[in-house]
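Chains as they are written, first to last, in our numbering: chain E, 977 to 1225; chain V, 348 to 669. Glycine included, C-beta positions come from ideal geometry on N, C-alpha and C. Being a predicted model, the structure only gives us computed values, none of them experimental. Notes for the one structure printed next.
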Amino acid sequence: MNAMHHYLPLLGVLVVVAGFALRFNPVPVVVLAGVVSGLCAGKSIGEILALLGNSFVSERALLLFVLTLPAIGVLERAGLREHARNWIASLRSLTFPRLLIAYLGLRQILSMLGLTNVAGQAQTVRPLLAPMAEAAAEKRGSPLDANERNDVRAFSAATDNIGLFFGEDVFIALGAVLLIQGFYSQHGITLEPLHIALWALPTAIAAFVIHAIRTVLFARRIHSATVRPEVSKDERSSSQAAMRQHAED
Amino acid sequence: MLKIEHAYWLIALFLAGAAWLNLRERRWPHAVFWAVLAALLAGGDYVLAATKAHHELPAQLAGVGVIALAALSPRMQRGHLAERDQAEREAEALRLRHRLFGPALLIPLVTLLVALFGGRLVIGGLPVFAKAQMTLTGLALACVVALIAALVVTRAKPSAGLTEGRRLLDTLGWAALLPLTLAALGGVFAATGVGAAVADLVRLLIPVQSALACVVAYGLGMVLFTAIMGNAFAAFPVLTAGVGLPLLIHLHGANPAILGAIGMVTGYCGTLFTPMAANFNIVPVALLELPGQNDVIRAQWKTGALLLVVNLLLMYFLVFRF
Chain E
977 MNAMHHYLPL LGVLVVVAGF ALRFNPVPVV VLAGVVSGLC AGKSIGEILA LLGNSFVSER
1037 ALLLFVLTLP AIGVLERAGL REHARNWIAS LRSLTFPRLL IAYLGLRQIL SMLGLTNVAG
1097 QAQTVRPLLA PMAEAAAEKR GSPLDANERN DVRAFSAATD NIGLFFGEDV FIALGAVLLI
1157 QGFYSQHGIT LEPLHIALWA LPTAIAAFVI HAIRTVLFAR RIHSATVRPE VSKDERSSSQ
1217 AAMRQHAED
Chain V
348 MLKIEHAYWL IALFLAGAAW LNLRERRWPH AVFWAVLAAL LAGGDYVLAA TKAHHELPAQ
408 LAGVGVIALA ALSPRMQRGH LAERDQAERE AEALRLRHRL FGPALLIPLV TLLVALFGGR
468 LVIGGLPVFA KAQMTLTGLA LACVVALIAA LVVTRAKPSA GLTEGRRLLD TLGWAALLPL
528 TLAALGGVFA ATGVGAAVAD LVRLLIPVQS ALACVVAYGL GMVLFTAIMG NAFAAFPVLT
588 AGVGLPLLIH LHGANPAILG AIGMVTGYCG TLFTPMAANF NIVPVALLEL PGQNDVIRAQ
648 WKTGALLLVV NLLLMYFLVF RF
């Protein structure tokens, strides 16, 4: 009976897994999971509401990224994405893998210095990296179709995530390393932050190498997908413009 | 002195403005959703202060607000919001060219400057930035600076900041809220003993005498628990207290620094697999207007899987050697 009570709050985890598997809207699923595991742990409705409210407002910092939206929105209205695309298209030597691998490396190094909020999905991927990556991929000579465009955008978002995660872990003064050090000191083990950070370095390097190779392979797949040699240059650029127009609609 | 609370008030102001625009257009669910969220943001300090003083009611009201947001989320369809004509955008892009990059790059640049030098800035004997969460305060300041610069460069009306910001905010819809909701769930799980139950379950399932089995259980446990919680930081204390410390460090003599460092990044591999890590995997789906909810995960899971294998090997070959 006792063991039963111990494992009962796991029902909350089950709610989350089932909700995501059944593709319900995630927000109510998550809140429901919190309520379920609270009830299973024998808490009253009042306690659960307070727990939910307190946990929610304690994490407000996660909403800071919405402050980037007004500035990005105004710039997009004035053609920021279009210009990013045109500019990358005009740089002949900047190929898709070079662009994304350079971004990956830069993102890792900035994160290692603790500058995790300098770039991000809202700050840099949507307004800059994604349109640039699309333009770089179109250097193969034919426009991307809708599926390829989505793949390129998703790959850009993935590159930002990987650069962030596997750089941040090496930074000493914030986040992961301090959490590890704090945890061990609570359990009577004293460690130097730098010592922990250094052991995250092999993984950071492996992440760069693995993802750089995947970027090259991805670029090769996109590059060889549709090249129609019989299309003349004039036709190609006009069809490209038409496609772009189409994709925007 | 600029504090992170000022940034929260600024977000509340922006959300309230978005709610008002939606109200005028009779988009009721969106209007109520952003208004409730604005109230939660603005009232957050009061709620936390009241809880400290053992006054439960404000936190309970905040809890009711969270449930209201959850109830409204399924009704937040991504409607089509009018955007400026493509041809006009192309024409203005050709006119403004690189000047468009300036304000966009001000966001990282000002954030960087505040992070590096903000602590030394003193006016009239008072520090300009509060020490707590200075980088995030810098990010908020950078967004304001960038907005002003963007308005100057594009000669748009100041109200464009709100209307264009609202356009992007409504594009995000409920996805904007998911990171916060998941973090809150992490808090609830921790308070209801979900973590301890998971750790016990792992110990029941593996042969504890085998060092390899313990390494694999710890690594995969980090991945699985990170995938469920959406956050390696939430998984780390649970798995390390439940499996890492008693089995790997005390029983098999693993090096704690190496185990901690590689254990954490093994958890990060789990972050690449899960929709629960919403700010990394679901928010960009909305931002980039991708068709499938798991498109970003699909693009990155192979990197994560390969890296997971590398991490398990590194852990097994390093932790018992140093």
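Burial is judged here by how many other beta carbons sit within 10 angstroms of a residue's own beta carbon; residue 1162(E) has fewer than 16 and is exposed. Look at the beta carbons and you see the region 619–634 of chain V not touching the region 601–610 of chain V: under three pairs across the two are nearer than 8 Å.
Here residue 1123(E) is exposed, its C-beta having fewer than 16 other C-beta atoms within 10 Å.
Contact between residue 1129(E) and residue 1199(E) fails: their C-beta atoms lie close to 17 Å from each other, not under 8 Å.
Under DSSP, the beta-bridge partners assigned to residue 473(V) are 470(V). The beta carbon of residue 558(V) lies closer than 7 Å to those of 599, 667 in the same chain, with the five residues before and after it left out. With the criterion set as a beta carbon lying under 9 Å from some beta carbon of chain E, the members of the region 477–498 of chain V are 480, 482, 483, 485, 486, 487, 489, 490, 491, 492, 493, 494, 495, 496, 497, 498, in sequence order. The beta carbon of residue 1176(E) sits closer than 8 Å to some beta carbon of chain V.
For a Cβ distance threshold of 7 Å, residue set 1126, 1130 of chain E lies close to residue 642(V), ordered along the chain.
When only Cα atoms are considered, residue 636(V) and residue 589(V) end up about 41 Å apart. Here residue 348(V) is exposed. Its C-beta has fewer than 16 other C-beta atoms within 10 Å. Within the model, the alpha-carbon separation for residue 521(V) versus residue 1003(E) is close to 7 Å. Sequence-distant Cβ neighbours of residue 555(V) in its own chain, meaning closer than 8 Å and more than five residues away, are 561, 594, 598.
Going by DSSP, residue 521(V) is part of no alpha helix (DSSP H) at all; its letter is neither H nor E. Taking a C-beta distance under 8 Å as the contact criterion, residue 514(V) and residue 1049(E) qualify as a contact pair.
Taking the CA atoms as reference points, residue 415(V) sits about 45 Å from residue 471(V). Runs of the beta strand (DSSP E) lying entirely within the region 560–614 of chain V and spanning at least 3 residues: none are present. A direct Cα-to-Cα measurement between residue 1053(E) and residue 440(V) gives close to 9 Å. In the DSSP secondary-structure assignment, residue 349(V) is bridged to 476(V). Nearest in C-alpha terms to residue 655(V), of all of 985(E), 1187(E), 1047(E), 1088(E), is 1187(E). The contact set of residue 1145(E) on chain V, defined by CB atoms closer than 8 Å, consists of 608, 611, 612, 615 in chain order. With a threshold of 16 other beta carbon atoms within 10 Å, residue 399(V) falls short and is exposed.
Within chain E, no C-beta atom comes nearer than 7 Å to that of residue 373(V); the closest sits roughly 22 Å away. Taking 7 Å as the cut-off between beta carbons, the residues of the region 388–401 of chain V near chain E are 388, 391, 394, 395, 398, in sequence order. Following the DSSP letters along the chain, one finds residue 381(V) inside the alpha helix (DSSP H) bounded by residues 375–399. With a threshold of 8 Å between beta carbons, residue 1087(E) makes no contact with chain V. The contact set of residue 420(V) on chain E, defined by CB atoms closer than 7 Å, consists of 1001, 1003, 1004 in chain order.
Under the three-state reduction of DSSP output, residue 417(V) falls in the helix class.
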